[in-house]
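Chemist: Numbering (our numbering), first residue to last: 2 to 256.
All C-beta atoms, glycine included, are put in the ideal place defined by N, C-alpha and C.
1. Going by the CB atoms, is the gap between residue 171 and residue 219 shorter than 8 Å?
2. What residue ranges within the segment 2-87 form continuous beta strand (DSSP E) runs of no fewer than 3 residues, ordered along the chain?
3. Round the Cβ separation of residue 224 and residue 252 to the nearest angstrom and send it over; I've been treating them as touching at under 8 Å.
4. Please classify residue 254: does DSSP put it in a helix, a strand, or coil?
5. How would you write the range of the alpha helix (DSSP H) that residue 153 sits in, first residue to last?
6. Quick one: which unbroken beta strand (DSSP E) runs of 3-plus residues sit fully inside the segment 192-235? Chain order, please.
7. Just to confirm the assignment, what range does the alpha helix (DSSP H) spanning residue 128 have?
8. When DSSP labels each residue in this structure, what does residue 141 get in the three-state scheme?
9. At what residues does the beta strand (DSSP E) containing residue 164 begin and finish?
10. On the criterion of 16 or more Cβ atoms from any shown chain inside 10 Å, does residue 157 qualify as buried, or is it exposed?
11. In whole angstroms, what is the alpha-carbon distance linking residue 136 and residue 11?
12. In this structure, how does DSSP classify residue 111 when only helix, strand and coil are distinguished?
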C-alpha cells in the first residue's frame, strides 16, 4: 500500500467531544490529512474502522459501551489492515496494568498519557510521518485473531496454525479448534461462522463431514482413501463417501 494524499485518513475514537475537536483542530494544520469522523461508542468505532479503514487512529482508553480493548481486538482480526495507532489514557494512575496489557497484546505505535496537547504540539508531525512510512512499507499481515473459549479465556492465535476443527461429541454447539502447538480450544461457534472466518482470511479448508470435521489443506500430512492424516493431530479423519470425489478434486487444486 502506498500512502497517497487521498488515502491519508484518520479516525478519532474518544468519549469526550471536546477532546475530539481538540485533536481535529491540531490535525487541521496538515491539509493532506482527512478526518474520517469521531466515534464515542465501541460498536460505532468498530463499524467505522471496518467501513473506512483509516490510516491513523487516535484511540482513547475509556469509551462508551466498553474500552479500547474491544476496538484493538477488532483491528487485530481485520485482514490486511495495520493502522498507525496513537493510544491515550487519563486512567493510568488508577489502572497501572493498562500499559503492560496494551503493549504485550496489541500493536500500538504510540502510548500517550493525557493531557495530550503538549505532546502533540511537539511530536505530531513526526507521528504523521511515521504513519505514512508504516503504510508505505505494509506487507501482508499474518491472519491473527482473538478467540474466547467456553471458559471465557481469551487466546491470541495465528489462523494459519489451525490444523482442523472438530465438533464436541457431547455438545454440538461447541467446536474444538486444534493448532500446531497441540492446543485444542473449545469455542461456541457454528460451522457457518467457522467457514466464513477461514474463507475471509484465505485459509484453504474442506468440510469432510458436516457434523464432525474441517481439515486445513496446509496441514494435511497424508491421504489414503478415505482417511486423512494431519500434522500435530493424532487421529485419522474420515472423508464421508458422498464427499470423496469433491475432496480429491480439492486436494489436486493448486492453492
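Modeler: This is what the structure gives:
1. Not a contact, by the Cβ cut-off of 8 Å.
2. Listed in chain order, the complete beta strand (DSSP E) runs (minimum 3 residues) inside the segment 2-87 are 10-14, 35-40 and 57-61.
3. Yes, they are in contact, since the Cβ atoms of residue 224 and residue 252 sit about 6 Å apart, within 8 Å.
4. Note: residue 254 maps to coil in three-state DSSP.
5. Residue 153 -> no alpha helix (DSSP H), and no H or E assigned at all.
6. Runs found: 206-210, 214-217, 221-225 and 228-231.
7. Residues 118-137.
8. Bear in mind that a pLDDT of 49 at residue 141, under 50, signals an unreliable position, so the model cannot answer this.
9. 163-168 is the extent of the beta strand (DSSP E) around residue 164.
10. Label assigned to residue 157: exposed.
11. Computed Cα separation, rounded: 13 Å.
12. Three-state DSSP puts residue 111 in a strand.
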